[in-house]
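Trainee: In order, the protein sequence lines correspond to chains A, B and C. Just so we're aligned, residue 0 is where the first sequence starts under numbering that gives the first Met the number 0, counting upward by one. Just so we're aligned, residue 0 is where the second sequence starts under numbering that gives the first Met the number 0, counting upward by one. Just so we're aligned, residue 0 is where the third sequence starts under numbering that gives the first Met the number 0, counting upward by one. Beta carbons are placed, not taken as given, at the ideal position from N, Cα and C, and that holds for glycine. Remember, predicted model here, so these are calculated numbers, not experimental data. Sending over a structure as structure tokens; questions will come in a sec.
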Amino acid sequence: MTISKDRILKIANLAKISISEDQIEKLEVEISSILNWVETLNEVDTENIEPMSNSLTNFLQMREDIVNDGEKGSDILSNSPAEDKSFFVVPKVIE
Amino acid sequence: MSENNNRNPRFVIESQTGDWEVVIGLEIHAQITSNSKLFSGSSASYGGEPMSHVSLVDAAMPGMLPVINKQCVRQAIKTGLGLKAEINNYSVFDRKNYFYPDLPQGYQISQFKYPIVGEGIVKVTLKDGSDIYVRIERLHLEQDAGKSFHDIDPQSSYIDLNRSGIALMEIVTKPDLRSADEAKLFVTKLRTILRYLETCDGNMEEGSLRADINVSVRKPGDELGTRCEIKNVNSIKFIGMAIDYESRRQIDEIESGNEIIQETRLFDVSTGKTRPMRNKEEAHDYRYFPDPDLLPLNLDQGFIDEILIELPELPDDKKDRLMDQYKLNSYDADILVSDRKFAEYFEVVAKGRDPKLSVNWISGELFSALNRLSLDIDQSPISADNLGELIDLITDGTLSGRLAKDVFEIMLETQKSAKIIVNEQGMSQITDESSIEKLVDKIINENAEKVAQVKEKPKMVGWFVGQVIKESKGKANPSKVNELVLKKIGL
Amino acid sequence: MIDVRILDLSSIRDSLKKGDFTSKELVESYIERIEGSSKLNTYNTTTFEQALDRAAISDGKIKKDETGPLEGIPIGIKDLFCTHGVKTTASSKILENFIPPYESTVTENLFKSGMIMLGKLSNDEFAMGSSNETSANGAVVNPWRSRNSEKELVPGGSSGGSSAAVAASLCPLATATDTGGSIRQPAAFTGTVGLKPTYGRCSRWGIVAFASSLDQAGPITKTVRDSALALQVMAGYDNKDSTSANIEVENFENYMNSNLNSMSIGIPKEFEELDLSPDIRKNWEEAIQWYKESGVNIKSINLPHCKYALPAYYIIAPAEASSNLARYDGVKYGKRVLGEDLDSLYKRTRGEGFGDEVKRRILMGTYVLSAGYYDAYYLKAQKVRRLIHEDFTEAFKTVDAILTPTTPTTAFGIGENISDPLKMYSNDILTVPVNLAGLPAISIPSGLDSSGLPMGIQLITNHFDEKSLFKLGKLIEESRVNIEMPTDWWIKK
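Structure representation (structure tokens):
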């Protein structure tokens with residue numbers, strides 16, 4: 000299937016990526032061709048097949064409820080593009 | 000019950016076009032009681048300086064990975080069992096993708112298709128004493144986000160990640176509630192259950208329990224109307240106010256010929272109104288998919304059974320038992336089971352004593368004293384044993400009701416036992432006839448003209464009784480005094 | 000100066016022990032060679048001073064005989080591994096100034112074994128690419144060139160900095176990561192050995208994530224023995240990674256001289272039908288012959304769903320990546336480009352911080368997960384993934400290993416495929432099925448094509464059976480024509 004320009008813009012908005020006018024057309028062509036190609040999967044009969052999200056067949060291991068981490072404030076702020084009083088700072092959010 | 004359209008709803012709002020039924024469903028976010036966060040070893044405690052309970056995982060530094068906290072899983076199962084719900088042996092963690100500055104990963108780890116807990120039920124007793132049953136659709140585990148502060152700086156929002164990654168249970172009800180009162184009672188009941196289970200402290204001021212409220216209105220018998228979701232309401236009172244406002248708003252909209260738009264709204268505490276969220280997230284497309292950093296969670300039955308054994312007696316069962324064992328009425332039993340500690344206190348006091356007298360002292364004197372002192376029952380200056388001893392002194396006649404109240408006050412202040420106070424201060428009741436007789440004689444002799452009057456108006460006898468008790472500094476047994484006054488005056 | 004070109008990991012280990020040279024001399028020799036090789040553009044960041052300090056410490060330990068298993072040996076680290084206090088960029092503008100305050104588990108294991116980091120090696124941006132041309136630091140150049148040609152070739156990707164650095168003797172071992180072939184394909188393009196261990200064998204903690212269910216760290220080395228030595232140190236259970244396997248790490252070097260007599264190798268029929276270059280097809284047939292001659296039982300097998308691995312991969316990997324890369328939002332670390340509000344901050348930061356290939360994959364991944372498309376694309380791909388996994392499970396009931404070429408062609412020219420994503424993606428056709436099934440596989444240099452470029456052969460074994468890769472891999476090294484080293488054409492004197 001081909002992807003419309005409108006859809007590209009919606010996806011870009013979801014992914015929070017700005018794209019310029021000239022990029023949109025290029026992406027339209029490229030993503031449409033990738034989509035056409037991946038649709039060869041439709042040849043495969045997957046009736047009654049369980050999806051597989053990880054090749055590991057064991058289950059989740061759990062850790063004990065112990066506080067052994069968490070005082071990493073200064074480490075975390077060390078790469079921050081904008082901080083004040085130990086907070087990250089971003090342009091005002093209006094809810 | 001349920002979304003089924005009933006021609007005779009439990010509750011209606013009368014309006015210009017007739018009766019309206021309100022349909023409410025809740026999504027409760029309950030913070031799990033645990034030491035550390037859901038997927039990291041940071042402290043899950045409330046408050047602290049900004050960024051003081053934050054690990055590299057909570058801040059979503061590159062390459063960081065989640066590892067699940069067993070205690071949080073256990074708490075979710077325990078809650079599920081407490082809600083009489085099915086526990087799913089197989090559950091999956093999904094990522095819910097959206098951008099927000101207090102969501103460091105750019106996704107929230109939650110459970111979408113395969114939650115850890117399935118359908119359950121909660122009984123709620125309404126004010127008229129009738130019961131309704133609210134169905135639980137599911138309960139799942141998820142991470143909390145950080146906290147945004149919009150009032151520190153006029154141009155900026157400030158982000159703290161202390162809360163980021165704390166474990167939450169999202170408990171979703173079916174649309175089974177029909178009024179603000181029902182919703183408030185449901186949340187109160189749910190909170191009681193969570194506190195019994197010790198899976199959530201239910202502290203709404205600290206944000207441990209928050210509700211998203213789905214509200215719609217319809218004419219009785221109609222299909223469900225379009226709903227609006229009111230986000231993140233954090234007190235039981237506000238839940239009621241938000242529902243009242245929102246249901247009225249929807250009725251007014253429809254009655255003035257408008258349609259309800261499905262949207263997310265915010266409850267403004269200062270105005271008591273709801274308003275649409277400005278940040279529309281119009282394309283609410285969370286792109287849930289299984290978190291590839293986490294494998295499916297597989298619970299073996301032994302693990303669940305261990306939790307089942309630890310399960311405490313829950314409010315409904317406790318109420319039934321208290322009514323049965325102590326012959327309490329429903330009203331008293333409800334008061335006692337509203338907090339697990341009340342009932343525990345009661346059962347110590349009531350052991351071998353009159354249950355009704357015990358409830359009355361607890362719900363009367365004790366609760367008002369604790370309230371006055373802003374203390375919890377487990378901080379009570381009067382232990383359950385000491386209150387029991389006081390009740391013993393009433394029962395054996397050592398103390399009159401009035402004296403007992405005085406002793407109670409001294410117990411509050413000194414934390415001494417009732418017996419010690421009575422002995423130290425000579426407060427025991429005068430019951431022997433000769434002592435009382437002397438007092439009665441004294442009052443009669445001093446008030447000859449009153450004696451004449453009382454013979455005309457026998458109701459005045461109460462004045463004599465009062466004077467005698469006053470003379471005894473409150474210690475004379477009132478019924479004995481009454482008896483002797485009548486005898487001496489010759490009535 | 001030591002001629003590091005003739006050295007490999009195990010010979011260095013032995014020489015340091017014997018005292019043929021010191022760690023300091025060794026590090027100095029590598030530094031000099033790296034400084035003369037800037038044309039290859041392999042290192043994003045160098046840490047020479049730190050390396051010399053570390054070498055002095057190692058020399059002290061060697062004297063006192065208190066050494067780690069790889070004490071005093073230099074290593075290059077793919078710039079996807081977070082290194083404490085050393086810039087880690089994933090070769091992306093969005094992380095151009097990121098200095099991790101933590102060390103990835105794999106690099107920590109390596110440093111604990113005594114290894115000394117020379118610097119951070121380039122890769123395709125966020126490991127997305129098959130040519131190392133998508134790095135924000137520019138293309139890496141393959142030390143190999145065709146006979147009588149000066150055309151610059153790609154070193155493969157995404158671990159192109161790692162493969163080129165090992166091939167050019169700019170480090171005897173480089174860490175790498177493999178999501179769809181990113182260790183094996185660049186190894187094949189540069190005449191080096193690239194090992195992708197079983198998913199779960201090496202911890203992913205502290206490695207910048209691309210596609211979490213597929214990513215796996217591994218070594219690029221000059222020899223199979225070196226690969227075993229490196230895995231020995233890199234692997235191990237890590238309770239900080241929920242997908243780390245709690246499985247014993249055997250002494251892999253012990254399997255280097257095993258008898259292959261009772262072993263069997265499967266040749267997948269479906270791979271024979273692929274579009275392979277004639278030289279590579281011929282080389283594959285030769286390799287089969289080598290095994291036959293040493294008593295290995297060769298069987299034809301079926302992997303019927305493997306031809307769908309590539310499209311399934313190009314749904315699954317971008318889907319995971321679109322979510323994994325959401326954290327690069329200009330709020331907490333990395334690049335921030337301001338806009339008029341928060342939304343434009345996000346969009347401009349990500350729009351300007353990510354390169355074209357990364358953006359394309361994020362968009363593709365966002366699309367296949369979005370409402371209305373999830374079932375048709377993502378879920379479908381996950382189901383196909385299971386079928387591919389089952390194909391391998393069946394195959395390993397009858398064979399110990401599977402033998403295929405690593406790539407359909409040898410190294411291509413810089414700029415040749417970059418504008419055609421589908422053509423670029425087809426590079427991974429032989430390597431991707433392994434990642435979807437989580438299996439271990441190794442690419443071993445198996446000869447030179449008619450223009451003199453290295454070819455690689457791929458061995459695949461069952462989960463956690465890396466030892467059979469080492470057992471069988473040795474034979475390729477012994478049987479192939481002698482592969483000369485690339486000439487030092489790039490060296491600036």
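1) Less than 7 Å between C-beta atoms, sequence neighbours within five positions excluded: which residues of the same chain meet that for SER85/A?
2) Once DSSP output is grouped into helix, strand and coil, what is the label at ALA244/C?
3) Along the region 285-309 of chain B, what residues have a CB closer than 7 Å to any CB found in chain A?
4) Three-state secondary structure (DSSP) at ASP328/C?
5) I want to see whether chain C comes within less than 8 Å of VAL66/A, judged by CB atoms only; does it?
6) Can you name the residues that DSSP bridges to HIS139/B?
7) DSSP beta-bridge partners for THR403/C?
8) In chain B, which residues lie with their C-beta within 8 Å of the C-beta of ARG97/A?
9) Would you mind listing the alpha helix (DSSP H) stretches within the region 150-225 of chain C that are 4+ residues and don't spill past its ends, in chain order?
10) The ligand ADP and ARG6/A: does the residue's C-beta get closer than 7 Å to at least one heavy atom of that ligand?
11) Give the interface partners of GLN324/B over in chain C, defined as CB-CB distance under 9 Å, in chain order.
12) Is the beta carbon of CYS71/B less than 8 Å from the beta carbon of SER41/B?
13) When DSSP labels each residue in this structure, what does GLN154/B get in the three-state scheme?
14) Can a CB atom of chain C be found closer than 8 Å to the CB of LEU55/A?
15) What do you get for MET0/B, buried or exposed, if any count of 16 or more other CB atoms within 10 angstroms of its CB means buried?
16) Could you check if GLY205/C is buried or exposed, using at least 16 other CB atoms within 10 Å of its CB as the buried criterion?
17) Have a look at TYR132/B and ARG177/B and give me their C-alpha separation to the nearest angstrom.
18) Label ILE27/B either buried or exposed according to how many other C-beta atoms from any shown protein chain fall within 10 Å of its C-beta, with 16 as the threshold for buried.
19) Which residues bound the beta strand (DSSP E) around LEU578/B?
20) Counting only Cβ pairs nearer than 7 Å, list the residues of chain D close to ARG200/C.
21) Start and end of the beta strand (DSSP E) containing ASN43/C?
22) When DSSP labels each residue in this structure, what does ARG144/C get in the three-state scheme?
23) Comparing the C-beta of GLN104/B with each C-beta of chain C, is any distance below 8 Å?
24) Give the residues from the region 78-89 of chain A that approach chain C closer than 8 Å (Cβ to any Cβ), ordered along the chain.
25) By alpha-carbon positions, which one of THR392/C, ALA394/C, ILE482/C, THR365/C ends up nearest to LEU34/A?
26) Could you check where the alpha helix (DSSP H) with ARG73/B kicks off and where it finishes?
27) Among SER399/B, GLU85/B, THR263/B, which one has its Cα closest to the Cα of VAL491/B?
28) Should TYR493/C go down as buried or exposed, given a rule of 16 or more other Cβ atoms within 10 Å for buried?
29) When the cut-off is 8 Å and only beta carbons count, does LYS4/A lie next to chain B?
30) Taking C-alpha atoms, which residue in ASP405/B, LEU402/B, LYS418/B lies nearest to ASN385/B?
31) What does DSSP give as the partner residue(s) for ASP130/B in the beta ladder?
32) Report the three-state DSSP secondary structure of SER28/C (helix, strand or coil).
33) Here's a check: name, in chain order, each residue in its chain whose Cβ is nearer than 7 Å to the Cβ of GLU205/B, leaving out the five neighbours to either side.
34) Tell me the DSSP secondary structure of CYS227/B in three-state form.
35) Check THR397/C in the structure and name its three-state DSSP category.
36) Should ARG146/C go down as buried or exposed, given a rule of 16 or more other Cβ atoms within 10 Å for buried?
Mentor: With the structure as the only source:
1) Counting from one through the first sequence, the residue named residue 85/A turns up at place 86. Cβ neighbours of SER85/A beyond the five flanking positions: GLY72, LEU76.
2) Working through the third sequence from its first residue, we reach residue 244/C at position 245. Here ALA244/C sits in coil by DSSP.
3) PRO289, PRO291, LEU293, LEU294, PRO295, LEU296, ASN297
4) The residue given as residue 328/C occupies position 329 in the third sequence. In this structure, ASP328/C counts as coil in the three-state DSSP scheme.
5) By one-based count along the first sequence, residue 66/A stands at place 67. VAL66/A does not count as touching chain C.
6) Residue mapping note: residue 139/B aligns to position 140 of the second sequence, counting from 1. Looking at the DSSP assignment, HIS139/B forms a beta bridge with GLU169/B.
7) Translated into the one-based positions of the third sequence, residue 403/C becomes position 404. Note: THR403/C sits in a beta bridge opposite GLN457/C.
8) What is shown of chain A runs 0 to 94, which leaves residue 97/A out entirely.
9) 159-166, 183-189
10) As presented, the structure is devoid of all ligands, the ligand ADP included, so that no description of it is given.
11) Stepping through the second sequence from its first residue, residue 324/B is reached at position 325. Here the premise fails: no neighbours, minimum Cβ distance about 48 Å.
12) Residue numbering aside, residue 71/B sits at position 72 when the second sequence is read from its first letter. Residue numbering aside, residue 41/B sits at position 42 when the second sequence is read from its first letter. Contact flag unset, no.
13) Reading the second sequence from its first residue, position 155 is the one you call residue 154/B. In the structure shown, GLN154/B sits in coil (DSSP, three-state: anything other than H, G, I, E or B).
14) Here residue 55/A corresponds to residue number 56 of the first sequence, with the count starting at 1. Yes, because at least one Cβ of chain C sits closer than 8 Å to the Cβ of LEU55/A.
15) For this step, residue 0/B is matched to residue 1 along the second sequence. Because the pLDDT at MET0/B is just 40, under 50, the model does not fix this residue reliably, and the value given afterwards should be weighed accordingly. MET0/B should be labelled exposed.
16) If you number the third sequence from 1, residue 205/C lands on position 206. So GLY205/C counts as buried.
17) Position 133 of the second sequence, counted from the first residue, corresponds to residue 132/B. Position 178 of the second sequence, counted from the first residue, corresponds to residue 177/B. C-alpha separation (whole angstroms): 12 Å.
18) Numbered from 1 along the second sequence, position 28 holds the residue referred to as residue 27/B. The residue is buried, with at least 16 neighbouring Cβ atoms inside 10 Å.
19) The question about residue 578/B has no answer here: the residues shown for chain B are numbered 0 through 490.
20) In the structure shown, chain D does not exist; the protein chains are A, B and C.
21) In the third sequence, the residue the question calls residue 43/C occupies position 44. Per DSSP, ASN43/C belongs to the beta strand (DSSP E) from 42-45.
22) Sequence index remark: in the third sequence, residue 144/C carries index 145 (1-based). In this structure, ARG144/C counts as coil in the three-state DSSP scheme.
23) Residue numbering aside, residue 104/B sits at position 105 when the second sequence is read from its first letter. For GLN104/B, the answer is yes, since a Cβ of chain C falls inside 8 Å of its Cβ.
24) ASN78, SER79, PRO80, ALA81, PHE87, VAL89
25) Along the first sequence, read from residue 1 onward, the residue named residue 34/A stands at position 35. For the residues THR392/C, ALA394/C, ILE482/C, THR365/C, the minimum Cα distance to LEU34/A belongs to THR365/C.
26) What you label residue 73/B is simply residue 74 of the second sequence in a count that begins at 1. Start and end: 69-81.
27) This structure gives no information on residue 491/B, because the portion of chain B shown stretches from 0 to 490.
28) With chain C covering only 0 through 492, there is no way to say anything about residue 493/C.
29) To locate residue 4/A, count along the first sequence from 1; it is residue 5. Answer no: the Cβ-Cβ gap between LYS4/A and chain B never drops below 8 Å.
30) Taking the first residue of the second sequence as 1, we reach residue 385/B at position 386. Ranking ASP405/B, LEU402/B, LYS418/B by Cα distance to ASN385/B puts LYS418/B first.
31) For the purposes of this step, residue 130/B is taken as residue 131 along the second sequence, with counting starting at 1. The partner list for ASP130/B (beta bridge, DSSP) reads THR124/B.
32) By 1-based counting over the third sequence, the position of residue 28/C is 29. Reduced to three states, the DSSP call for SER28/C is helix.
33) Residue 205/B sits at position 206 when you count from the first residue of the second sequence. If we look at GLU205/B and ignore the five residues flanking it on each side, its Cβ neighbours are TYR45.
34) Numbered from 1 along the second sequence, position 228 holds the residue referred to as residue 227/B. In the structure shown, CYS227/B sits in a strand (DSSP, three-state: E or B).
35) Locating residue 397/C in the third sequence gives position 398, counting from the first residue. THR397/C: coil per DSSP, three-state reduction.
36) Mapped onto the third sequence, residue 146/C falls at position 147. Flag for ARG146/C reads exposed.
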